[in-house]
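Undergrad:
There are 2 protein chains.
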Amino acid sequence: MRYVIGVDLGGTNIVAGAVAEDGSAIVGLASEPTRVEDGADGVIGRILSLAGGAIQELAGETAGRPDVVGVGVGAPGPLNRATGVVRVAPNLGWRDVPLRDRISEGLGIPASLDNDANCAVLGEWWQGAGRGVDPLVGITVGTGIGGGIVIDGQLYHGAADVAGEFGHMTIDPTGRRCACGNYGCLEAYASGPAIARRAAEGIAAGYETRLGEMVDGDLDRISAQTVYDAARIGDVYAQEIVRETAGFLGAGIANLVNIFNPSRVLVMGGVTGAGEELFKPLRAEVTRRAFRPAVDVCEILPGELVGMAGVYGAACAFLQQLG
Amino acid sequence: MRYVIGVDLGGTNIVAGAVAEDGSAIVGLASEPTRVEDGADGVIGRILSLAGGAIQELAGETAGRPDVVGVGVGAPGPLNRATGVVRVAPNLGWRDVPLRDRISEGLGIPASLDNDANCAVLGEWWQGAGRGVDPLVGITVGTGIGGGIVIDGQLYHGAADVAGEFGHMTIDPTGRRCACGNYGCLEAYASGPAIARRAAEGIAAGYETRLGEMVDGDLDRISAQTVYDAARIGDVYAQEIVRETAGFLGAGIANLVNIFNPSRVLVMGGVTGAGEELFKPLRAEVTRRAFRPAVDVCEILPGELVGMAGVYGAACAFLQQLG
């Protein structure tokens, strides 16, 4: 069996593993903090060490003869797939880093580079909640909001490899300011930090909730996960924040349903931690807003490959491009 | 030279003509009012007569030996391309009309059926302002707002042939009610009737404008074209309505730019009558809102094949499917 190393480079963690080319196994899956403060050299060193560890573990399982054909890397964008360069990555503090070639030279095997959210969606299409589904749209909701589109079994990249920026969809033209400079972006309402911020604002405004005591009164420590946890134990205010989040995400996903008429929309990332508390009102909002014939053929589901979708997808992207 | 009959069926007019298979000529282009009140049989009869007229004119030009390989029909949707049935067309008052087979049998040649907005975009891709551009996104702004997407030289249809419903994108979650039942759809702000409605509302509220006198005081007669005409002769209020329209369309198009990262976005339909008065602030709004690397590679242009894009596109869709 041939293997591909899949690497998922995020602002917080790097995850890597050796993926069997038929997707049936993943060997040596491991994660390390990214520690962006070490600069590109430090981060690339850690990627090489994680990838090397996976190859070593694979060697142990294959009597010392691992057949590793290449490495697929998923990284924050915008990036250039043709040159393998990460153009700008605010989360990493990077600009014009030739990541693909650095990884390829470091490991001595061919490498490919694609956007991290694209990889997550492709991973779910290959081995997860979107297996074989076409067309498939995925939205990743975590620190930021991104997305990917699979059409005819291939990622759709657009003219400059930046298709799928679902987080910067305007859902309210005069709404909240987004870090990107625009007003009313979906990300300004429904990303993890935005969920936490909305929750904290309400507490400051006097809403009754147990959220404050859950962080020992330190409102800065409220995260989206705190909100989901509070909602699950019955905190009415936290449940309201989750429902509101479902409304914002629902408006954004309804737009994607109208635009792509996909067979399935996958919601991935930290927000899936809110479970049916989120998905039930989210589906209702999409049904209320989107075009009926498009809603009728579209399922909305959470991703399955929690923490691994990007690794699977980066490996799959390599196989599609160079395998 | 082989020819394909292209038919563009709209709620107001039917346009048809014989298109050379290399797109170099169009013969017997003609138009007739749809007159939906005659029912599907009456409308189909008129389509057959227009198509027959084009074939006859072609016969005249080819010494009585026209080589017509088929007929492509563009019609309002949702429709089913596989069965050739128009499922629901509120503008026509139709439900489950087997349009493709009726046309095919009536003319005795093969036929194809596709969505009218899809055809308009494909026509511009084939012979107009989007010639050879990939990926290409087009938005049609007239009585309604629709759209189409060309990827790798083919229309993208989605899972149930209803992709590209750009008019029902939510751009303001608590905004104006749309005829579709949703709130804050782009169509509720920027379609022709919505532009006229916004203008009339302002006049009722007391804004000073020459629009009223242009329709002899009958505000119901204000159309989007009246607004464009007034703006062109310097009416400040009408110019404000056009700028506002540019803002709404700009928000919607910025979303499409973020989502598709297209090489070009074409704006088609009646709204292009507003000219640079519209396009200049529209481009500014997209630049302000959309993701920079996507904006940098994307031109925003009006369609070129005014009144003929749908005919060219319907013929092209036939050639791609059955030619």
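The listed protein sequences derive, respectively, from chains A and B. Add 133 to the 1-based position in the first sequence for our numbering, that's all there is to it. Add 133 to the 1-based position in the second sequence for our numbering, that's all there is to it. Glycine included, every Cβ here is placed at the ideal spot set by N, Cα and C.
Buried or exposed: where does G271 (chain A) fall if 16 or more other Cβ atoms within 10 Å of its Cβ makes it buried?
TA: Burial call: buried.
Undergrad: With a cut-off of 8 Å, does the C-beta of V430 (chain B) fall near any C-beta of chain A?
TA: Chain A contact via Cβ: present.
Undergrad: G144 (chain A) to L225 (chain A), Cα distance in whole Å?
TA: The alpha-carbon atoms of G144 (chain A) and L225 (chain A) are separated by roughly 6 Å.
Undergrad: Between E298 (chain A) and chain C, is the shortest Cβ-Cβ distance under 8 Å, so that the two count as touching?
TA: The chain inventory of the structure shown lacks chain C, comprising the protein chains A and B.
Undergrad: Please report the distance separating the alpha-carbon of N388 (chain A) from that of L382 (chain A).
TA: Each residue's Cα considered, the two are about 10 Å apart.
Undergrad: I think V202 (chain A) touches V140 (chain A), with their Cβ atoms under 8 Å apart; what is that distance to the nearest whole Å?
TA: So it is not a contact: roughly 14 Å between Cβ atoms.
Undergrad: Mapping the DSSP letters down to three states, classify D174 (chain A) as helix, strand or coil.
TA: D174 (chain A): helix per DSSP, three-state reduction.
Undergrad: For the stretch 212 to 248 of chain A, list the alpha helix (DSSP H) runs that are entirely contained and at least 4 residues long, ordered along the chain.
TA: Counting only runs of 4 or more, we get 232 to 240.
Undergrad: By DSSP's criteria, T303 (chain B) is part of a beta bridge. Which residues make up the other side?
TA: B:C318.
Undergrad: When the Cα of A364 (chain A) is compared with those of A:Q358, A:D249 and A:Q372, which residue comes out closest?
TA: Checked all of A:Q358, A:D249 and A:Q372; the closest Cα to A364 (chain A) is A:Q372.
Undergrad: Taking the straight line between their C-alpha atoms, what separation do you get for Q335 (chain B) and A407 (chain B)?
TA: First, the amino acid is wrong: residue 335 (chain B) is Gly here, not Gln. For G335 (chain B) and A407 (chain B), the distance between alpha carbons rounds to 19 Å.
Undergrad: Compare the C-beta of V295 (chain B) against all C-beta atoms of chain A and say whether one is closer than 8 Å.
TA: Interface residue, yes.
Undergrad: Taking the C-alpha atoms as reference points, what is the distance between G314 (chain B) and T405 (chain B)?
TA: Their backbone Cα atoms lie some 27 Å apart in a straight line.
Undergrad: Let's test the definition: count the other Cβ atoms within 10 Å of the Cβ of M441 (chain B) and tell me whether it reaches 16, buried, or not, exposed.
TA: When all chains shown are included, M441 (chain B) counts as buried.
Undergrad: According to DSSP, is D353 (chain A) helix, strand or coil?
TA: Helix.
Undergrad: Less than 8 Å separating the beta-carbons of I159 (chain B) and V204 (chain B)?
TA: Going by C-beta atoms, I159 (chain B) is not nearer than 8 Å to V204 (chain B).
Undergrad: Would you mind reading off the limits of the alpha helix (DSSP H) that contains A153 (chain B)?
TA: That residue, A153 (chain B), is in no alpha helix (DSSP H); its beta strand (DSSP E) goes N146 to A153.
Undergrad: With distances taken from CA atoms, which of A:G186, A:Y340, A:A332 and A:A384 is nearest D362 (chain A)?
TA: Nearest of A:G186, A:Y340, A:A332 and A:A384 to D362 (chain A), Cα basis: A:A332.
Undergrad: Label S245 (chain A) either buried or exposed according to how many other C-beta atoms from any shown protein chain fall within 10 Å of its C-beta, with 16 as the threshold for buried.
TA: By the neighbour-count rule (16 or more Cβ atoms within 10 Å), S245 (chain A) is buried.
Undergrad: Starting from L438 (chain A), trace the beta strand (DSSP E) in both directions and tell me its first and last residue.
TA: Segment: none, L438 (chain A) is in no beta strand (DSSP E) and carries neither H nor E.
Undergrad: To the nearest angstrom, how far is the alpha carbon of A250 (chain A) from that of G436 (chain B)?
TA: Their Cα atoms are separated by approximately 33 Å.
Undergrad: Flag this pair as yes or no: are the beta carbons of V176 (chain A) and A448 (chain A) separated by less than 8 Å?
TA: In this structure, A448 (chain A) does not lie closer than 8 Å to V176 (chain A) by Cβ.
Undergrad: Terminal residues of the continuous alpha helix (DSSP H) containing R425 (chain B)?
TA: Run containing R425 (chain B): R425 to D429, per the alpha helix (DSSP H) assignment.
Undergrad: Thinking C-beta only, is I284 (chain B) closer than 8 Å to F299 (chain B)?
TA: No. Outside cutoff.
Undergrad: In three-state terms, what does DSSP make of D285 (chain B)?
TA: Reduced to three states, the DSSP call for D285 (chain B) is coil.
Undergrad: Taking C-alpha atoms, which residue in B:Q454, B:L438 and B:H290 lies nearest to V390 (chain A)?
TA: Cα-wise, what sits closest to V390 (chain A) is B:H290.
Undergrad: Any beta-carbon of chain B closer than 8 Å to the one on G277 (chain A)?
TA: With 8 Å as the cut-off, G277 (chain A) does not count as an interface residue toward chain B.
Undergrad: Between which two residues does the beta strand (DSSP E) harbouring I159 (chain A) extend?
TA: Unbroken beta strand (DSSP E) run through I159 (chain A): I159 to P166.
Undergrad: Closer than 8 Å, CB to CB, is P223 (chain B) near chain A or not?
TA: So no, P223 (chain B) is outside the interface.
Undergrad: With 8 Å set as the bound, which would you pick, yes or no: does the beta-carbon of T342 (chain A) sit closer than that to a beta-carbon of chain B?
TA: Taking Cβ atoms only, chain B never reaches closer than 8 Å to T342 (chain A), which makes this a no.
Undergrad: Compare the C-alpha of R233 (chain B) against each of B:A253, B:W258, B:M302 and B:V206 and name the closest.
TA: Closest option to R233 (chain B), Cα to Cα, is B:V206.
Undergrad: Count the other C-beta atoms from every protein chain shown that fall within 10 angstroms of the C-beta of I366 (chain B), then say buried if there are 16 or more, exposed otherwise.
TA: So I366 (chain B) counts as exposed.
Undergrad: What residues of chain B sit near A384 (chain A), judged by a beta carbon separation below 7 Å?
TA: The contacting residues are T303 and P306.
Undergrad: Could you give the first and the last residue of the continuous alpha helix (DSSP H) run that contains Y370 (chain A)?
TA: That run of the alpha helix (DSSP H) goes V369 to F393.
Undergrad: Identify the residues that DSSP records as bridge partners of T273 (chain A): which are they?
TA: BP columns for T273 (chain A) point to A:G279 and A:M401.
Undergrad: In this structure, does DSSP put E432 (chain B) in helix, strand or coil?
TA: Three-state result, E432 (chain B): strand.
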